[in-house]
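The numbering used here applies: residue 66 is where the first sequence begins, and numbers increase by one.
No residue lacks a Cβ here, since even glycine has one placed at the ideal position from N, Cα and C.
All figures in this text were calculated on a predicted structure; none of them were measured in a lab.
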Amino acid sequence: MDRRYDPHAIEEKWQRIWKERDAYRTPDESDKPKFYALDFFPYPSGDGLSVGHCRNYVPTDAVSRFKRMQGYNVLHPMGWDAFGLPAENYAIKMGVHPRVTTERNIANYHRQMDMIALSFDWSREVTSCFPDYYRWTQWFFLLLYERGLAYQATGQQWWCPSCLTILANEQVEQGKCWRCGSDVTKKGLEQWYLRITDYAQRLLDDLGTIDWPEQIKLMQTNWIGRSEGAEVDFGLQGREDTLTVFTTRPDTLFGATYMVLAPEHPLVDELTAPEKRDAVLAYQDQARRQSEIERLSTEKEKTGVFTGAYAVNPVNDAPVPIWISDYVLMGYGTGAIMAVPAHDERDFQFATLFEIPIVEVIAPKSGAQGTLTEAYTGDGVMVNSGRFDGMAAPGEAFEAVVEWLGERGAARKKVNFKLRDWLISRQRYWGAPIPIVHCEKCGAVPVPKDQLPVLLPDLEDFHPTDDGRSPLARVEDWVHTTCPSCDGPAHRETDTMDTFACSSWYHFRYASPHDETAPFDRDRVEYWLPVDLYVGGAEHAVMHLLYARFFCKVAQDAGYVSFGEPYARLRNQGMIQAEDGQKMSKSKGNVVTPDSVVEKYGADALRVYELFIAPFEQSVAWSDRGVQGTYRFLGRFWNLVNEVVEAQGSGVAAGEAEAEKGRNVLRTLNKTIRKVTRDMDTFRFNTAVSALMELQNEVLDVWTGARGALTLAQWREVVTVMTQLVAPMAPHVASEVWVLLGHGENVLDAPWPVWDEELAADEVVTVVVQVNGKLRDRLEVPVDAEKDDVLAMARAAENAARFLEGKQVVKEVFVPGKLVNFVIR
RNA sequence: GCGGGUGUGGCGGAACUGGUAGACGCGCUAGACUUAGGAUCUGGUGAGCUCUGCUCGUGGAGGUUCAAGUCCUCUCACCCGCACCA
């Protein structure tokens with residue numbers, strides 16, 4: 066073979082061999098410890114992979130290979146989140162069935178992944194739009210249904226007028242659809258929900274048990290939004306019933322000078338005084354019509370209308386006017402609040418605008434202020450609060466007020482969450498049909514599990530319509546069916562499931578992807594899961610990553626799995642921007658594909674560069690020239706190994722100077738094993754690569770300049786270890802060189818090298834000499850040099866001595882192995 | 001507005017518990033080899049200066065310390081998330 070580094074020849078050869086050997090097949094039984102490395106379930110887009118996607122896959126792959134060499138049985142699978150709107154929208158635009166485009170895109174992804182040597186066990190590939198997969202997505206829906214966790218409800222829901230479908234709360238960003246960016250509106254429809262709110266507390270608590278980025282855990286914490294407070298019942302003037310509010314500050318009850326109901330609150334109609342009716346109706350109408358962006362804005366001035374009705378404050382029987390305003394949300398708490406303008410910024414704004422009294426009931430440490438110019442939300446002491454005056458608030462007072470009112474049945478402690486139930490129905494074609502049949506007699510009836518899957522009919526016309534019905538509703542002979550319970554006439558549920566349902570359980574499926582009797586084999590799931598390493602972008606912080614945790618807990622409660630968290634360790638890769646620092650996008654024409662890089666430099670250089678480019682979690686701009694650097698590195702490695710392999714004889718006898726260089730090479734080698742091993746475990750791939758570069762620079766220097774420093778056998782040992790260390794990063798060149806070195810087996814199955822702590826230890830260290838903290842000299846001293854000896858050498862050091870001359874040393878600082886600092890006057 | 005993060009050469013970035021700032025790579029530059037080179041190899045490369053050496057230097061201003069990129073206080077810029085959640 067030509068001696069020049071030719072990545073294409075090497076890569077083609079080894080990819081063929083790996084395919085023939087089925088090299089990445091993972092056995093389900095092994096006496097090795099297991100390691101499950103998983104990438105986020107990708108949607109196979111028509112654009113294919115960019116070098117940005119590789120930033121996700123290459124590091125996970127390198128860790129998989131590293132763990133495999135360390136003796137783990139590694140599960141590293143890949144599959145496709147293939148249902149969903151993009152496929153369907155593209156299909157509508159191009160007039161091709163989404164199944165066709167999806168399969169085409171999958172083939173392209175698969176090709177690219179092989180091209181960069183991702184070590185996936187393709188025998189475990191799963192595709193969420195295939196019936197043998199979505200059958201089990203439907204099974205999960207039924208599991209939730211059986212457990213009372215799936216229900217239908219009518220409500221005002223987010224509607225995307227462009228995608229023509231309902232969206233979940235978290236799919237609406239700043240009043241716009243998360244996919245297409247259209248302004249969303251609300252539409253009243255009957256929808257399916259999953260009761261994720263039942264799990265709010267556990268989803269919160271268990272965040273403490275998993276190794277995830279703090280930022281993601283914080284985002285989930287905020288999204289779940291636990292808040293501790295109390296429900297308080299206000300009497301209603303002229304009525305028997307009460308109005309309940311949720312408050313986190315029951316200690317401010319004496320300052321409640323008005324109340325506010327959400328415009329949609331069911332009591333508004335009944336409470337409104339006749340003379341206020343017109344104004345109230347007009348306000349309700351306006352609130353309903355308002356675009357969500359307007360309503361969401363915190364900048365806009367408060368608005369509202371007085372209903373003419375009064376409530377009674379339970380702490381002092383004071384009459385309290387009841388208003389309606391859109392700053393109170395129907396979906397949180399009870400849809401009604403007590404307003405304490407003195408101690409809440411929003412209430413303060415509102416009260417100022419409508420000239421409602423502001424009563425100070427919490428005095429800051431500096432004393433009561435009398436007239437407030439802004440809301441005081443801090444701690445303090447209760448004032449104007451009758452028997453509670455002088456009590457510390459909120460701390461002590463919170464409890465005291467709730468207890469006092471509680472005795473009379475007017476208040477109780479309450480925890481609220483911001484988290485809402487997960488709306489999963491979609492009025493679109495390309496998704497898993499919800500396995501429910503609606504019977505005239507029996508109502509909603511689940512399709513029996515043994516009749517799954519409910520097949521998605523093969524439609525030619527799958528255009529959505531704006532009537533809020535799924536395209537499936539038009540398929541008469543599919544819709545009409547019989548009731549599984551009474552055999553009477555019935556019709557199928559025509560909504561499909563949110564694709565996040567598909568990705569909420571796929572990590573289970575890889576354990577037994579071909580099981581035809583269950584979504585997963587329990588023993589295999591107990592062996593493989595939880596996922597040991599899960600890698601993907603931070604953009605899924607509150608959607609996929611919350612839903613998957615929820616599904617896992619439901620499966621745990623149902624006794625299907627023994628654990629409650631699917632992903633033990635999560636890492637988010639940084640994004641790769643285009644060279645100009647902009648986001649890579651097809652429309653900007655600045656996308657760099659792995660294909661173009663591989664063509665120029667080969668897959669190994671691309672892989673090493675993906676690892677080297679920046680710290681793993683950090684976003685960074687792509688640089689084609691940067692790949693040149695890792696390409697050169699691999700080229701020099703190739704040349705070095707070839708020279709070592711071809712070298713003859715035992716070399717020249719070494720002098721002492723050479724012998725020392727030889728010892729240093731072995732020392733650096735052992736240090737590098739240590740560093741690369743630790744860096745691979747801690748996701749510091751960039752410094753692992755640079756450590757290898759440093760090692761190679763030193764090895765090359767000594768090899769070319771002082772070959773006699775080591776015996777030929779030792780040189781071979783050095784390059785052998787180097788080959789093992791680069792193997793997870795650059796598997797092709799490592800494999801080729803491994804064979805050249807005469808090691809028969811695949812380098813993938815070679816053991817990971819182990820360092821020798823003694824060989825890695827320094828004999829001599831550089832000690833810096835400072836005078837008044839400024840660097841003046843350096844000394845080479847033995848590591849175990851005595852303090853007095855080092856100080857004497859330091860005083861005598863030529864340059865340091867110049868600064869010490871004629872000065873009085875008032876202090877000597879000695880840090881062993883590091884520095885000497887003379888403080889002089 | 002609230003919460004979180006990041007600021008180090010021309011660029012991407014190193015720097016363990018405070019202890020040699022700028023490892024490694026890109027780029028630039030001088031040279032070697034070459035018909036040629038956007039290939040390869042060797043040297044140089046934070047800024048300034050009175051250049052065997054000195055001074056300054058990690059967004060900015062203070063502080064603690066023998067010693068600060070690292071710790072403390074204040075401040076600026078950019079990025080991300082949430083957005084009237086009572």
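- In its chain, beyond the 5 residues on either side, Y89, D126, S129, R130 and H141 have a beta carbon closer than 7 Å to the beta carbon of S184.
- By the Cβ neighbour-count rule, L283 is exposed, with fewer than 16 other Cβ atoms within 10 Å of its own.
- By the criterion of at least three beta-carbon pairs nearer than 8 Å, the segment 513–520 is not in contact with the segment 219–230.
- Between the segment 101–111 and the segment 759–770 there are fewer than three C-beta pairs closer than 8 Å, too few to call the two in contact.
- Between F415 and A404, the gap from beta carbon to beta carbon is short of 9 Å.
- In the DSSP secondary-structure assignment, I678 is not bridged to any residue.
- Counting only runs that start and end inside the segment 170–246, the beta strand (DSSP E) elements of at least 3 residues fall at 215–225 and 230–232.
- One alpha carbon belongs to Y323, the other to A440, and they sit about 15 Å apart.
- Around D409, the same chain offers A440 as residues with beta carbons nearer than 6 Å, after the five sequence neighbours per side are excluded.
- Here R701 has Q761 and L765 as same chain residues with Cβ atoms under 8 Å from its own Cβ, once five neighbours each way along the sequence are excluded.
- Taking 9 Å as the cut-off, the Cβ atoms of I231 and G533 count as close.
- Taking C-beta atoms under 8 Å as the contact rule, Y70 and N837 fail to qualify, at a distance of about 52 Å.
- The beta-carbon distance between N381 and G303, rounded to whole angstroms, is 19 Å. This is too long to meet the 8 Å contact definition.
- When secondary structure is reduced to three states using DSSP, A476 falls in the strand class.
- The three-state reading of DSSP puts D306 in coil, since its state is none of H, G, I, E or B.
- DSSP places C617 in the uninterrupted alpha helix (DSSP H) bounded by H609 to D622.
- The three-state reading of DSSP puts N811 in coil, since its state is none of H, G, I, E or B.
- Less than 9 Å separates the beta-carbon of A670 from that of P72.
- Around T274, the same chain offers E630 as residues with beta carbons nearer than 7 Å, after the five sequence neighbours per side are excluded.
- Between the segment 367–376 and the segment 341–353, the count of C-beta pairs closer than 8 Å reaches three or more; the two stretches touch.
- Only buried fits Q203, as 16 or more other CB atoms lie within 10 angstroms of its CB.
- One thing to note: I181 has its Cβ no nearer than 9 Å to the Cβ of C242.
- For R841, the uninterrupted beta strand (DSSP E) segment begins and ends at K839 to P847.
- Here the segment 814–824 lies against the segment 771–790, with 3 or more beta-carbon pairs under 8 Å apart.
- Residue pairing by DSSP places M403 opposite M324 in a beta bridge.
- Taking the Cβ atoms as the reference, V848 lies roughly 27 Å from W780, outside the contact range of under 8 Å.
- Residue pairing for K430: DSSP places it in no beta bridge.
- Assignment of D104 by DSSP, reduced to helix, strand and coil, places it in the strand class.
- With a threshold of 16 other beta carbon atoms within 10 Å, M562 meets it and is buried.
- Where Y666 is concerned, the enclosing alpha helix (DSSP H) starts and stops at P659 to Y666.
- Around the beta carbon of I82, fewer than 16 other beta carbons lie within 10 angstroms, which makes this residue exposed.
- Setting aside the 5 residues that flank it on each side, D580 is surrounded in the same chain by D586, each with a C-beta closer than 7 Å to its C-beta; the list follows chain order.
- Apart from sequence neighbours up to five positions away, the residues of its chain that approach T91 with a beta-carbon distance below 6 Å are L140 and D186, ordered along the chain.
- Relative to L470, the option among L418, F319, V448 and S568 whose CA is nearest is F319.
- Taking C-beta atoms as the reference points, I427 and A458 count as a pair closer than 9 Å.
- One thing to note: V619 has its Cβ within 9 Å of the Cβ of L214.
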